[in-house]
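Comments concern the structure below.
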Amino acid sequence: MTAPPDDCLARNDWICGDYLTSRRQILLDAVGQHVQLTVVSVGLGLVIALPLALLARRRRWTAGPVLGLTTVLYTIPSLAMFSLLLPAYGLSATLVVVGLALYSLTLLVRNILAGLSGVPVEAKEAARGMGYGPMRQLLTVELPLAVPAAMAGLRIATVSAVALTTVGAIVGYGGLGNLIYAGMNSYFKAQVLTASVLCVLIAVAFDLLLLGAERLLTPWRRADRGPRSARGRALSAASGRRA
Numbered sequence: 089m090t091a092p093p094d095d096c097l098a099r100n101d102w103i104c105g106d107y108l109t110s111r112r113q114i115l116l117d118a119v120g121q122h123v124q125l126t127v128v129s130v131g132l133g134l135v136i137a138l139p140l141a142l143l144a145r146r147r148r149w150t151a152g153p154v155l156g157l158t159t160v161l162y163t164i165p166s167l168a169m170f171s172l173l174l175p176a177y178g179l180s181a182t183l184v185v186v187g188l189a190l191y192s193l194t195l196l197v198r199n200i201l202a203g204l205s206g207v208p209v210e211a212k213e214a215a216r217g218m219g220y221g222p223m224r225q226l227l228t229v230e231l232p233l234a235v236p237a238a239m240a241g242l243r244i245a246t247v248s249a250v251a252l253t254t255v256g257a258i259v260g261y262g263g264l265g266n267l268i269y270a271g272m273n274s275y276f277k278a279q280v281l282t283a284s285v286l287c288v289l290i291a292v293a294f295d296l297l298l299l300g301a302e303r304l305l306t307p308w309r310r311a312d313r314g315p316r317s318a319r320g321r322a323l324s325a326a327s328g329r330r331a
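In this text, residue positions in the sequence shown follow my numbering: the first is 89, and each later residue adds one.
Following this line, the structure appears as C-alpha cells:
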C-alpha cells in the first residue's frame, strides 16, 4: 500500500501552508487588483450617486425615475450586465469597474436621499436662523447629518462590490475571482479556499474601515451620550465643518 505524499500540495489539501508560501506573490497581486477594482468602482458610483440624490431631493418629481432606474440596474444579472457593457468597453478592467459602479447606485442613491430627507426640520430652521444660505446649509448641516445613512449604504455597496468583483474573472479582471475560477476548473482545493477566505477578509476590512471613517466624520455622535435637540446637532455639525 502506497503511503500518502508528505507535501500538502501533492495531496491537494484544502488547507495548505505550502500554497501560501509558494504562491505569495500571485496572492498579493490578486488581492491588489481586487482592492483596486473595488475602490475605483465604488468611488465612481459615489461620484455619480451624490448628484443624483441631490437632484432627486431638490426636484421631487425626479425621485421616482432616478430610484426606478437605479433599481432596474441592480436587478440585471452580473453576467448580463458585463455582456451589455462589452461592446463599449471590451475585455478590460474598465468593463468591470463600470458594471460594479452601476450596481452600487441603487444602494448609494437611496441611502444618501434617505439621509438628506431625514434631516430634522428644526435643524434646517436653526441653520437658516443663523444666516446660512442654501449651499452652506447643505454642506455644513444637511450632508453631515446625512452621513450615518449614507455610510450605511456605502458599507453595503462596498461589501457587495467585493463579492461581485470575483465575477470579473470571466473577462480576466476579477482579482481573487481569477484564482477561484481557475482553482475550481482544476479542482485546486487550497487555491479555491485561500482566495475565498481572502475575499471575506477584504470585505470585513473595508467594512471596519468605513465604520471608523463614519465615526471620524460624526464626532458629535460620540460626544452625545444622551438626548439632544435637532438644533444642537445642527450647531455641532456646522461647528465641526468650520473647524
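Heads up, the beta-carbon is just placed ideally off N, CA and C, and yes, glycines get one too.
Uninterrupted alpha helix (DSSP H) stretches at least 4 residues long and entirely within the region 123-188 occur at 151-163, 166-177, given in chain order.
Phe170 is positioned such that its CB atom lies closer than 9 Å to that of Leu183.
The DSSP-derived three-state label of Pro208 is coil. Taking the CA atoms as reference points, Ala215 sits about 21 Å from Ala238. Assignment of Asp117 by DSSP, reduced to helix, strand and coil, places it in the helix class. If only complete runs of 3 or more residues are kept, the region 238-278 shows no beta strand (DSSP E) anywhere. Ranked by Cα distance from Thr163, the first of Leu143, Ala137, Trp149, Ser192 is Ser192.
Residues Ala234, Ala237, Ala238 of the same chain have their beta carbon placed closer than 6 Å to that of Gly203, with the five preceding and five following residues left out of the count. Counted as a single uninterrupted DSSP element, the stretch harbouring Thr306 is not any alpha helix (DSSP H), since DSSP gives it neither H nor E. If you check the CB distance, Val185 and Val229 do not come in under 9 Å. In the structure shown, Gly219 falls within a coil segment according to DSSP collapsed to helix, strand and coil. A contact between stretches requires three or more CB pairs, one per stretch, nearer than 8 Å, and the region 256-265 meets this requirement with the region 112-119. Taking each of Leu227, Gly131, Phe294 in turn and checking the Cα distance to Val250, the smallest one comes out for Phe294. DSSP places Thr109 in the uninterrupted alpha helix (DSSP H) bounded by 105-110. Between Leu125 and Ala181, the CB-CB gap stays under 9 Å.
The Cβ-Cβ distance between Gly120 and Gly187 does not fall below 9 Å.
Per DSSP, reduced to three states, the secondary structure at Asp95 is coil, with no helix or strand assignment.
A direct Cα-to-Cα measurement between Leu174 and Pro307 gives close to 44 Å. For the pair Val154 and Ala144, the CB atoms are nearer than the 9 Å cut-off.
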